[in-house]
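Convert by adding 5 to the 1-based position in the sequence shown; the result is the number in our numbering.
Presented below is the structure to which this report refers.
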Amino acid sequence: MSSDGTGGHGPREGGYKPSELEAKWQGRWDELGTNGFTRDALQTAENRYYQLMMFPYPSAEGLHVGNIYAFTGADVHGRFQRLTGKQVFEPIGFDAFGIHSENFALKQGIHPMDLIPSNVANFTRQLRRIGGMFDWEHAVDTTDPDYYRWTQWIFIQLFNAGLAVRKEAPVNWCPSCMTVLANEQVIAGRCERCETPVEQRRIAQWFFRITEYAQRLLDNLDGLDWSETTKKAQLNWIGRSEGATLRFPILPADHREEGDDGGTGSLESKVSTDAPVIEVFTTRPDTVFGATYMVLSPEHPLVDEVTDAAQADAVTAYREQAAAKDLVARQKVEKTKTGVHTGGYCLNPATGQSIPIWVADYVLMEYGTGAIMAVPGHDQRDFDFAEAMGLPIVRVVMGEEAGSRVGVGTEAPLSEAYAGDGVMVNSGQFDGLAVADAKPAISAWLAESGRGETKVNYRLHDWCISRQRYWGPPIPIIHCEACGPVAVPEADLPVVLPRVEDFKPDDSGVSPLARVEEWYQVDCPHCAAPARRETDVSDTFLDSSWYFLRYPSTDYHD
Ligand SMILES: [Zn+2]
Ligand SMILES: [Zn+2]
């Protein structure tokens, strides 16, 4: 196509010059305040439409094509709404805290407090140039103390409600980034950012107790206008399962011999009522008669209690080895099973027989109770483990197909775990019951003797929101020896992140703020005794979990 305007169907005289045309109209929008709302206008506008979109993380490279892709589609939708007569509020902001910014700052040797404002300025310039109908009067920046004052305020409300708690937990630790990683940030046992093999550590962290809301999150999915795939992902993430909590009493050392059952029930009398018990959660209480061994996670608090002297060294070595692995690798189904016998035994409350207690890293402390009753006849993971370790495999469910085949009896060895439906066998008084009926019947029977009860379990975990890094809002807590953790009084918010030149994380696992004595030394707000500020900062996902509330309230400061 000709570009000089001489062709019959070519562009008109002078050609289309986007830089001139766009600058002209963008200038006009600014002049007239076309896209901006005043505080009052936002309150009183009729036929309002809140066009919310993602907000970018302002990287040093500037906007990328993916940003433009996301914002253009959303902006087109906003313009469409305006053309239908609505008053469209379309704000934008910057999600500028977090490890990405901090790592980049470290790499470049520029302090994030210098780097981020220039990135934000560049993003602002670029976002203005693409001509989105953004309301720049209501832009937010999560690193602005005016913004994170409210991030901290939200934390305090949750803390006061008992929904923000500090507890010790095993975490994925990247020894190179020197921080905690979410399971989603570990790819094939390595850190997604730097590909260093991930380790496991136990540290005290702050959690939001989102598990309290598991059922509500589930129930409210019904009314949501989300795609089925997203709903399904949410469903799996919450992971509701119905089953039972069962209790296996630990046998005293002098009755730990395998086979020392002397007939059903005789061991029961040797277990004192206050004997420590191992609790398990199972979705298959019907298979308890087939539980031929117990497995504890290496971090289970009862491991020392059940381990005998002969096995102590082996158990210690195994636990150390497990601690060096990351949490994701341990859950891999296809992984070769490893484990060690503790030398201890517990009582199967259904059969009245003693079963050995093992430690194996395929059981995770933070799922269920950190212990499982192993039913190798009907769970493939347990089957593989039992085969490898030479543990007994008992069939307690007979599928229709197997039962009708000639020569297959209830004692016939299984070649793999049978997870299907069927009727109970080798299960005492419950023989002949269908699986669906056996579940409540066996749970109720064990409940009579205090050895179990029905229970709903969720896969969902509490949300770990603390980070042992520098570039985030300080968690607004003061630790006092006498009062424990105390919330910073709301009048003292924000707790401003101090400018620290040496913000590099180190291998100690504590935040760089823990090196700034003049910052963390404060008086307890309750008793005025010398106390210490929390030196962890909060996760960047906390900043972005409420930004849609700040856009319409940027004009408010109380
Ligand atoms: Zn890393
Ligand atoms: Zn105090």
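Cβ atoms here follow ideal geometry from the backbone N, Cα and C, with glycine treated the same way.
In whole angstroms, give me the CA-to-CA distance for P499 and D507.
In the sequence shown, the residue the question calls residue 499 occupies position 494. In the sequence shown, the residue the question calls residue 507 occupies position 502. Looking at the two C-alpha atoms, the distance is approximately 22 Å.
Less than 8 Å between the beta carbons of V368 and H383, yes or no?
On the sequence shown, residue 368 is found 363 positions in, with the first residue counted as 1. On the sequence shown, residue 383 is found 378 positions in, with the first residue counted as 1. Contact flag unset, no.
With DSSP as the reference, label K237 as helix, strand or coil.
Counting from one through the sequence shown, the residue named residue 237 turns up at place 232. Under the three-state reduction of DSSP, K237 is assigned to helix.
What whole-angstrom Cβ distance do M183 and F253 have, given they're in contact under 8 Å?
Along the sequence shown, read from residue 1 onward, the residue named residue 183 stands at position 178. Along the sequence shown, read from residue 1 onward, the residue named residue 253 stands at position 248. Not a contact, Cβ separation roughly 40 Å.
Terminal residues of the continuous beta strand (DSSP E) containing W211?
Along the sequence shown, one-based indexing puts residue 211 at 206. From DSSP, the beta strand (DSSP E) with W211 extends over E204 to F213.
Just jot down, in chain order, the residues whose CB lies closer than 7 Å to any heavy atom of ligand 2.
One residue list follows from the rule of a beta carbon closer than 7 Å to any heavy atom of ligand 2, given in chain order as C485, A487, C488, V491, C529, H531, C532, A534 and A536.
Within the structure, which residues are defined as neighbours of ligand 1 by a Cβ-heavy atom distance below 7 Å, reported in chain order?
C179, S181, C182, C196, R198, C199 and T201
Is the number of C-beta pairs between the segment 530-537 and the segment 473-484 that are closer than 8 Å three or more?
Taking a cut-off of 8 Å for Cβ pairs, the segment 530-537 and the segment 473-484 touch, as three or more such pairs fall below it.
Does the beta-carbon distance from T287 to M138 come in below 8 Å?
Taking the first residue of the sequence shown as position 1, residue 287 is located at position 282. Taking the first residue of the sequence shown as position 1, residue 138 is located at position 133. For T287 and M138, no; Cβs fall outside 8 Å.
Determine the contact status of Y567 and T216, defining contact as a CB-CB distance below 8 Å.
No answer is possible for residue 567: it lies beyond the span of the chain, which begins at 6 and ends at 563.
Between W524 and the rest of its own chain, which residues show a CB-CB distance below 6 Å, the 5 nearest in sequence each way excluded?
Position 519 of the sequence shown, counting from 1, holds the residue named residue 524. P503.
Find out if the Cβ-Cβ distance for the pair Y152, R555 is shorter than 8 Å.
By one-based count along the sequence shown, residue 152 stands at place 147. By one-based count along the sequence shown, residue 555 stands at place 550. Result yes, Cβ atoms of Y152 and R555 sit closer than 8 Å.
Classify V125: buried if its beta carbon has 16 or more other beta carbons within 10 angstroms, exposed otherwise.
In the sequence shown, counting from the first residue as 1, residue 125 sits at position 120. Buried: at least 16 other Cβ atoms inside 10 Å.
Please report the Cβ distance between V170 and R206, rounded to the nearest whole angstrom; I am assuming they are in contact, meaning their Cβ atoms lie under 8 Å.
Locating residue 170 in the sequence shown gives position 165, counting from the first residue. Locating residue 206 in the sequence shown gives position 201, counting from the first residue. Contact doesn't hold; Cβ gap of about 19 Å is too wide.
Opposite P535 in the DSSP bridges: which residues?
Sequence index remark: in the sequence shown, residue 535 carries index 530 (1-based). Note: P535 sits in a beta bridge opposite D528.
Could you round the C-beta distance between A315 and G348 to whole angstroms and report it? I think they count as a contact, below 8 Å.
Reading the sequence shown from its first residue, position 310 is the one you call residue 315. Reading the sequence shown from its first residue, position 343 is the one you call residue 348. With 8 Å as the limit, A315 and G348 qualify as a contact, their Cβ atoms being about 6 Å apart.
Does A422 come out as helix, strand or coil in the three-state DSSP assignment?
Within the sequence shown, the letter at position 417 stands for residue 422. Coil.
Are the Cβ atoms of L120 and Q131 separated by less than 8 Å?
What you label residue 120 is simply residue 115 of the sequence shown in a count that begins at 1. What you label residue 131 is simply residue 126 of the sequence shown in a count that begins at 1. Their beta carbons are not under 8 Å apart, which means L120 does not touch Q131 by this criterion.
I'd like the span of the alpha helix (DSSP H) that includes S106, first residue to last.
Within the sequence shown, the letter at position 101 stands for residue 106. Here the alpha helix (DSSP H) through S106 covers I104 to Q113.
Would you please state the rounded distance, in angstroms, between the beta carbons of S359 and L256? I believe it to be under 8 Å.
On the sequence shown, position 354 is the one that residue 359 refers to. On the sequence shown, position 251 is the one that residue 256 refers to. Indeed, because the Cβ distance is near 6 Å, the residues count as touching under 8 Å.
Beta carbon of G455, beta carbon of P290: below 8 Å?
As a working note, residue 455 is residue 450 in the sequence shown. As a working note, residue 290 is residue 285 in the sequence shown. Not in contact: G455 and P290 (Cβ atoms no closer than 8 Å).
Can you list, in chain order, the residues of its chain with a C-beta nearer than 7 Å to that of N52? Leave out the 5 residues immediately preceding and following it.
One-based indexing of the sequence shown puts residue 52 at position 47. Correct list, in chain order: G90, K91 and Q92.
Whole angstroms are fine: how far does the CA of G248 sit from the CA of L168?
Position 163 of the sequence shown holds residue 168. Position 243 of the sequence shown holds residue 248. Between L168 and G248, the C-alpha separation is close to 26 Å.
Would you grab the beta carbon distance between L419 and I398 for me? Rounded to a whole angstrom, and I think it's under 8 Å.
Counted from its first residue, the sequence shown places residue 419 at position 414. Counted from its first residue, the sequence shown places residue 398 at position 393. That belief holds up - the Cβ atoms of L419 and I398 are roughly 6 Å apart, short of 8 Å.
With the cut-off set at 8 Å, would you say M403 and G427 are in Cβ contact?
Here residue 403 refers to the residue found at position 398 of the sequence shown. Here residue 427 refers to the residue found at position 422 of the sequence shown. Cβ atoms of M403 and G427: closer than 8 Å.
When the Cα atoms are used, what is the spatial distance from T374 to G78?
Your numbering for residue 374 matches position 369 in the sequence shown. Your numbering for residue 78 matches position 73 in the sequence shown. When rounded, the distance between both Cα atoms is 46 Å.
Can you give me the start and stop residues for the alpha helix (DSSP H) that F128 sits inside?
Sequence index remark: in the sequence shown, residue 128 carries index 123 (1-based). First-last of the alpha helix (DSSP H) with F128: P117 to R134.
Helix or strand or just coil, what does DSSP make of A322?
Here residue 322 is taken as the residue at index 317 of the sequence shown, counted from 1. Note: A322 maps to helix in three-state DSSP.
So, W158 versus E495, is the Cβ gap smaller than 8 Å?
Against the sequence shown, residue 158 aligns to sequence position 153. Against the sequence shown, residue 495 aligns to sequence position 490. Contact flag set, yes.
On the DSSP bridge assignment, give the partners of P490 in chain order.
Position 485 of the sequence shown, counting from 1, holds the residue named residue 490. Note: P490 sits in a beta bridge opposite H484.
Can you confirm whether the segment 97-108 touches the segment 53-63 when touching is taken to mean that 3 or more C-beta pairs between the two stretches lie within less than 8 Å?
yes
Can you round the beta-carbon distance between E142 and G41 to whole angstroms, since I take them to be within the 8 Å contact cut?
Position 137 of the sequence shown, counted from the start, is the residue given in the question as residue 142. Position 36 of the sequence shown, counted from the start, is the residue given in the question as residue 41. Confirmed, about 4 Å.
Less than 8 Å between the beta carbons of E107 and Y475, yes or no?
For the purposes of this step, residue 107 is identified with residue 102 of the sequence shown, where counting begins at 1. For the purposes of this step, residue 475 is identified with residue 470 of the sequence shown, where counting begins at 1. For E107 and Y475, yes; Cβs fall inside 8 Å.
Here's the rule: buried if 16 or more other CB atoms are within 10 angstroms of the residue's CB, otherwise exposed. What is D497?
Taking the sequence shown and counting its residues from 1, the one referred to as residue 497 is at position 492. Answer is exposed; the Cβ neighbour count stays below 16.
By DSSP, does Q92 sit in helix, in strand, or in coil?
Taking the first residue of the sequence shown as 1, we reach residue 92 at position 87. Strand.
Comparing C-alpha positions only, which one of Q56, R386, F388 and L222 sits nearest to Q86?
One-based indexing of the sequence shown puts residue 86 at position 81. Residue Q56 is the option with its Cα nearest to Q86.
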